[in-house]
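To keep things clear, I will list the structure first and then write my remarks on it.
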Amino acid sequence: MKKLFITLIVVVALCLVLPKIFGGIIKAEYHNTLSQLNQHPAIKAKINAFTIDWFSGRATSEITFLIADDDIEEISIIIEDTLDFGPIILADEKLQFAMSYVKSSVKLNTDVGEFNQRVTNFIDKNVQLTSLFTFSKDVISKLEVASINETIDGESIHSKPAYGEFTLSDMRDFDGVFNWGGMTISKENTRVKLGAVSLESSQQAINGNYFQGNTLSTGYFKLMVESMTVDEGGQEALLTMNGLSMNADSTVNDNLMEVGVNYRIDELTSAGEVFSNADFDLKVIRLDVDTMQEANDIFANLTNDIDQLSSQDNMVKFSELAQKLIAKEPKLIVENLSVDTSEGKVKSDLVVSIDKEVFDAKNIMSIMAAISAKANGSSPEALLSKYGLDALVNHYIEQGLLVREKADYSKP
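Quick note: the sequence shown uses the numbering used here, first residue 273, plus one each step.
Put into structure tokens, the structure is as follows:
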């Protein structure tokens with residue numbers, strides 16, 4: 273009984289002391305994060321206020337994004353955070369075990385007239401952003417957007433709810449999911465309807481820093497759009513699309529990166545034409561990681577000065593980087609570019625490589641002579657005739673560029 277009593281006293285003491293300790297840790301993390309953001313060439317960040325009570329705190333931060341635009345030089349936002357400190361926190365109608373729970377509100381701080389208040393009111397009314405700082409200093413953020421039914425400048429906007437959850441671990445690993453029910457925008461007889469949208473990503477930084485904008489990472493990204501319809505009140509829609517997806521992934525082996533991207537549309541209807549099973553599979557292999565990071569650093573530094581991209585100094589740098597990349601013999605491979613039509617299937621593939629012996633970094637235009645491409649493809653003859661390409665096709669056959677195989681044409 274005595275041991276149990278002592279244990280309870282220790283637990284209670286910890287619950288009383290730890291919130292104050294965690295408050296100091298969270299404040300240090302805030303300063304560390306904003307310090308890293310300030311290393312981004314297009315971002316300025318500062319903490320305007322940070323107060324710590326025993327079990328809670330408040331923070332106000334200002335983040336300014338430098339815009340390379342003639343009309344607006346910068347956009348600034350104010351983030352106001354309400355913090356609760358652990359180890360035991362009552363939040364979201366349940367007990368949370370963490371260092372801190374943060375509820376954030378965002379306000380636009382750039383003078384663009386009444387638009388400021390409209391954006392602020394929209395966020396206050398429809399958006400909820402919360403974050404949980406775990407004991408291991410991981411950050412788990414949740415974004416909730418309520419359904420929206422508004423009429424703006426004669427356009428009726430109906431948006432379904434959205435929800436996202438994102439985790440940043442050790443400032444290196446990022447995982448996130450986002451799901452949105454879609455929206456409908458209508459004005460007079462025109463209507464655009466977007467179906468459900470889902471995003472999923474898992475990234476592991478191998479170089480650079482997420483906050484500084486120069487991250488090189490491996491992992492995957494998935495996008496799925498259920499459907500999209502555009503119509504003007506007629507019997508048939510101007511455009512109907514079903515099952516748009518994009519899947520991208522990147523891996524590294526022996527300091528060489530491989531990037532793959534797949535785009536797919538299950539069905540597309542436009543102007544009375546129906547296309548289905550449209551696929552585009554692209555892969556880039558043997559990209560030198562160190563050289564890619566150098567390129568990332570250059571582009572990050574040019575974020576707010578894009579006009580300098582084509583300066584003589586940068587063109588020299590890009591030529592040198594190109595030579596380093598080409599030395600590893602990278603290849604661009606289109607494994608599958610195809611679509612089903614009512615006349616049959618159109619399909620092709622392509623491999624592009626660059627001869628490192630021909631390319632000269634001192635003459636960037638030499639890359640044109642260094643590039644070689646091998647392509648194969650086929651198309652139904654009826655499809656080409658449908659679009660009035662018979663004469664051109666016959667010319668290519670005479671030149672030996674195309675071969676007629678039954679009712680199809682293919683590249684020899």
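C-beta atoms are modelled at their ideal positions from N, C-alpha and C, and glycine is treated no differently.
- As DSSP reads the structure, Arg-536 sits in a beta bridge with Ser-517, Asp-551.
- Contact between Leu-338 and Phe-483 fails: their C-beta atoms lie close to 15 Å from each other, not under 8 Å.
- In the DSSP assignment, Tyr-492 is bridged to Ser-474, Asp-521.
- Fully contained in the region 578-630 are the following beta strand (DSSP E) runs of length 3 or more, in chain order: 603-613, 616-626.
- Secondary-structure assignment with DSSP links Leu-401 through a beta bridge to Ser-376, Leu-415.
- An exposed status is given to His-303, since fewer than 16 other beta-carbon atoms sit within 10 Å of its beta-carbon.
- Counting the other CB atoms within 10 Å of its CB gives Leu-355 a total of 16 or more, which places it among the buried residues.
- Contact between Asp-560 and Lys-596 holds, with the beta-carbon distance rounding to 6 Å and staying under 8 Å.
- With fewer than 16 other Cβ atoms inside 10 Å of its own Cβ, Met-587 counts as exposed.
- Here the C-alpha atom of Asn-451 lies approximately 40 Å from the C-alpha atom of Ile-598.
- Per the C-alpha coordinates, the member of Ile-351, Leu-401, Asp-553, Pro-359 positioned closest to Lys-379 is Ile-351.
- Between the region 631-640 and the region 651-661 there are fewer than three inter-stretch CB-CB distances shorter than 8 Å, so the stretches are not counted as touching.
- The DSSP-derived three-state label of Phe-327 is coil.
- The three-state secondary structure of Met-564, taken from DSSP, is helix.
- Distance between Ser-517 and Val-533, taken at the CA atoms: about 11 Å.
- The straight-line gap separating the alpha-carbon atoms of Ser-610 and Leu-661 is approximately 19 Å.
- Just so you know, the alpha carbons of Glu-677 and Glu-346 end up roughly 60 Å apart.
- Between the alpha carbons of Lys-299 and Phe-438 lies a distance of about 21 Å.
- Nearest C-alpha to Tyr-659 among Ile-457, Thr-613, Asp-627: Thr-613.
- One Cα belongs to Ile-429, the other to Ile-319, and the distance between them is close to 36 Å.
- Glu-607 is the residue among Phe-547, Val-630, Ile-669, Glu-607 whose C-alpha sits nearest the C-alpha of Ser-620.
- When C-alpha distances from Glu-601 are compared across Glu-334, Glu-530, Ile-344, the shortest belongs to Glu-530.
- In the three-state scheme derived from DSSP, where H, G and I count as helix and E and B as strand, Asn-421 is classed as strand.
- Bridge pairing for Gln-368: Ile-361 [DSSP].
- Spatial neighbours of Gln-475 in its own chain (CB-CB distance under 6 Å, excluding positions within 5 residues in sequence) are listed in chain order as Phe-446, Ser-489, Gly-491.
- One Cα belongs to Ser-470, the other to Arg-463, and the distance between them is close to 22 Å.
- Here Val-665 is not bridged, per DSSP, to any residue.
- DSSP, read as helix, strand or coil, puts Ser-441 in strand.
- When the alpha-carbon of Phe-394 is set against those of Asn-421, Phe-405, Asn-666, Thr-323, the nearest one is in Asn-421.
- For Asp-551, the closest alpha carbon among the candidates Arg-536, Ile-457, Ser-542 is that of Arg-536.
- Here the alpha carbon of Asn-527 sits roughly 21 Å from the alpha carbon of Phe-571.
- Following the DSSP letters along the chain, one finds Lys-634 in no beta strand (DSSP E), marked with neither H nor E.
- A residue is called buried once 16 or more other Cβ atoms fall within 10 Å of its Cβ, and Leu-362, having fewer, is exposed.
- When the beta-carbon positions are compared, Thr-406 and Met-371 come within less than 8 Å of each other.
- The Cβ atoms of Leu-306 and Ala-321 lie no closer than 8 Å to each other.
- Put simply, the backbone Cα of Gln-671 is about 13 Å away from that of Ala-663.
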